[in-house]
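Asks: Before we start, here is the structure in question, set down as structure tokens.
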Amino acid sequence: MVFVYWRVRNKEMNEQSKFKIPENHPRASSLYFREKIVDGLNKGIVAPEGLIAHGRGESFDYLLGENTTSAAYSSTEAAVCAILLSVHPVFSINGNVAALCSDDIVELSNLVNAKIEINLFYRTAERERNIKELLIQSGAKEIYGINPKNFHQIPELSSERRHVDVDGIAKADLVLVPLEDGDRTESLMRLGKQVIAIDLNPLSRTSQYATITIVDNVIRTIPLMIKIAKKLTNVDKNTLKEKLSKYDNKKNLDESIKIIRSGYK
Ligand code: PTJ
44 MVFVYWRVRN
54 KEMNEQSKFK
64 IPENHPRASS
74 LYFREKIVDG
84 LNKGIVAPEG
94 LIAHGRGESF
104 DYLLGENTTS
114 AAYSSTEAAV
124 CAILLSVHPV
134 FSINGNVAAL
144 CSDDIVELSN
154 LVNAKIEINL
164 FYRTAERERN
174 IKELLIQSGA
184 KEIYGINPKN
194 FHQIPELSSE
204 RRHVDVDGIA
214 KADLVLVPLE
224 DGDRTESLMR
234 LGKQVIAIDL
244 NPLSRTSQYA
254 TITIVDNVIR
264 TIPLMIKIAK
274 KLTNVDKNTL
284 KEKLSKYDNK
294 KNLDESIKII
304 RSGYK
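For the sequence shown, my numbering begins at 44 and goes up steadily by one.
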């Protein structure tokens, strides 16, 4: 099933690829997404530093076998349960995530009733506008985090990420932070919010501090979350709570680290 999904996806991406990287190339998917990131840079969506972040992600992905591990599957399922149980979920979107998977982000946000907020580390008004436009093209109705009149500051956070929307992250009880840098997760947790991180590096501060850490590539995680959400949206809350109660983030992180150290998938 997963194989069929990526065969179809690679065919589509081959058609869009400027360099027509062959679909049967062993790392075709990774190369298509590399092209998307560069395209995002050229369109003023990705920060130049985003290319370096992507390269760091690629190296961890390589060590994880460029596949969703069973540990990543469990954390993805737990994350969907937590989102469906939350009252005010918000997806925090940066340049890399927008360039890699804006359509999937919008589809998932609609499925689980989550708001989308743009929150940039290398914040510029121009990139915010470009990212907003891309998300609107992908079908988003409302985008938070870009109107300074609506800003609230996260205490103790000095980076540009401290400005959050009063109607978005400021009042969220759960924030999805795909591909995140540094110390924001700790601040959000101190404010009593649940944080779901998607980060290929299980050792990052974000991964270590989040409530639920998905050690996987965002390009695989968001489509998988969509698939799981479609199955779970009509499941009753007690069943979701029971599934979530069985999840242990520390154990799951240790499992991902073990996979990287051993070289097995
Ligand atoms: O768009 P902006 O201005 O908000 O900037 C975004 C970046 C990503 C440039 C910024 O947040 C940054 O510098 O991030 P870091 O500190 O490089 O951290 C990114 C983390 O995401 C690293 O731990 C990477 O291993 C991981 N990562 C990179 N690509 C992916 C990823 N995790 C999941 N999926 C990926 N595709």
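By construction, the Cβ of each residue, glycine as well, lies at the ideal position given by its N, Cα and C atoms. Model, not experiment: these values are computed from the prediction.
DSSP three-state call for residue 135: helix, strand or coil?
Replies: For the purposes of this step, residue 135 is identified with residue 92 of the sequence shown, where counting begins at 1. Reduced to three states, the DSSP call for residue 135 is strand.
Asks: Secondary structure at residue 160, three-state DSSP: helix, strand or coil?
Replies: As a working mapping, residue 160 is identified with position 117 in the sequence shown. If DSSP states are grouped into helix, strand and coil, residue 160 belongs with the strands.
Asks: For residue 187, name the three-state secondary structure that DSSP assigns.
Replies: Position 144 of the sequence shown, counted from the start, is the residue given in the question as residue 187. In this structure, residue 187 counts as strand in the three-state DSSP scheme.
Asks: Run through DSSP, which three-state label would residue 256 get?
Replies: On the sequence shown, residue 256 is found 213 positions in, with the first residue counted as 1. It is a strand residue.
Asks: Can you tell me the Cα-Cα spacing of residue 118 and residue 296, whole angstroms?
Replies: As a working note, residue 118 is residue 75 in the sequence shown. As a working note, residue 296 is residue 253 in the sequence shown. Going from the Cα of residue 118 to the Cα of residue 296 covers about 9 Å.
Asks: Give the C-beta separation of residue 272 and residue 151 to the nearest angstrom, bearing in mind that I take them to be a contact with Cβ-Cβ under 8 Å.
Replies: Sequence index remark: in the sequence shown, residue 272 carries index 229 (1-based). Sequence index remark: in the sequence shown, residue 151 carries index 108 (1-based). Going by Cβ atoms, the distance from residue 272 to residue 151 rounds to 6 Å, so yes, they are a contact pair.
Asks: Rounding to the nearest angstrom, what Cα-Cα distance links residue 291 and residue 61 in this structure?
Replies: Counting from one through the sequence shown, the residue named residue 291 turns up at place 248. Counting from one through the sequence shown, the residue named residue 61 turns up at place 18. The alpha-carbon atoms of residue 291 and residue 61 are separated by roughly 43 Å.
Asks: Within 10 angstroms of its Cβ, does residue 123 collect 16 or more other Cβ (buried), or is it exposed?
Replies: Position 80 of the sequence shown, counted from the first residue, corresponds to residue 123. It is buried - the Cβ of residue 123 has at least 16 other Cβ atoms within 10 Å.
Asks: How about residue 187: is its Cβ closer than 7 Å to a heavy atom in the ligand PTJ?
Replies: In the sequence shown, residue 187 corresponds to position 144, counting from 1. No.
Asks: Kindly indicate the opening and closing residues of the alpha helix (DSSP H) around residue 90.
Replies: Reading the sequence shown from its first residue, position 47 is the one you call residue 90. Here residue 90 belongs to no alpha helix (DSSP H), and DSSP marks it neither H nor E.
Asks: Do residue 138 and residue 170 have their beta-carbon atoms positioned less than 8 Å apart in this structure?
Replies: The count along the sequence shown starts at 1 and reaches residue 170 at position 127. The count along the sequence shown starts at 1 and reaches residue 138 at position 95. Cβ atoms of residue 170 and residue 138: closer than 8 Å.
Asks: Where does the unbroken alpha helix (DSSP H) through residue 241 begin, and where does it stop?
Replies: Here the question's residue 241 lines up with position 198 in the sequence shown. It is not in any alpha helix (DSSP H) - residue 241 instead sits in the beta strand (DSSP E) that spans 237–241.
Asks: Quick check: residue 140 and residue 221, are their CB atoms within less than 8 Å of each other?
Replies: As a first step, residue 140 is located in the sequence shown; it is residue number 97 there, counting from the start. As a first step, residue 221 is located in the sequence shown; it is residue number 178 there, counting from the start. Yes, they are a contact pair.
Asks: The ligand PTJ and residue 163: does the residue's C-beta get closer than 7 Å to at least one heavy atom of that ligand?
Replies: As a working mapping, residue 163 is identified with position 120 in the sequence shown. The answer is yes for residue 163.
Asks: So, helix, strand or coil for residue 218, using DSSP?
Replies: In the sequence shown, counting from the first residue as 1, residue 218 sits at position 175. Here residue 218 sits in strand by DSSP.
Asks: Please state whether DSSP places residue 207 in a helix, a strand or coil.
Replies: Counting from 1 along the sequence shown, the entry for residue 207 is found at position 164. Of the three classes helix, strand and coil, the one that applies to residue 207 here is strand, per DSSP.
Asks: What's the gap between the Cα of residue 304 and the Cα of residue 200?
Replies: Position 261 of the sequence shown, counted from the start, is the residue given in the question as residue 304. Position 157 of the sequence shown, counted from the start, is the residue given in the question as residue 200. Roughly 33 Å separates the two Cα atoms.
Asks: What is the DSSP secondary structure of residue 195, reduced to helix, strand or coil?
Replies: Here the question's residue 195 lines up with position 152 in the sequence shown. Here residue 195 sits in strand by DSSP.
Asks: How do the region 95–109 and the region 271–288 stand: do at least 3 beta-carbon pairs fall below 8 Å, yes or no?
Replies: Cβ pair count under 8 Å is below three, so no.
Asks: Exposed or buried, what is residue 233 when buried is set at 16 or more other beta-carbons lying within 10 Å of its beta-carbon?
Replies: Working through the sequence shown from its first residue, we reach residue 233 at position 190. Under this definition residue 233 is an exposed residue.
Asks: Does the beta-carbon distance from residue 212 to residue 129 come in below 8 Å?
Replies: Here residue 212 is taken as the residue at index 169 of the sequence shown, counted from 1. Here residue 129 is taken as the residue at index 86 of the sequence shown, counted from 1. Their beta carbons are not under 8 Å apart, which means residue 212 does not touch residue 129 by this criterion.
Asks: In three-state terms, what does DSSP make of residue 329?
Replies: The requested residue 329 is not part of the displayed model; the chain covers only 44 to 308.
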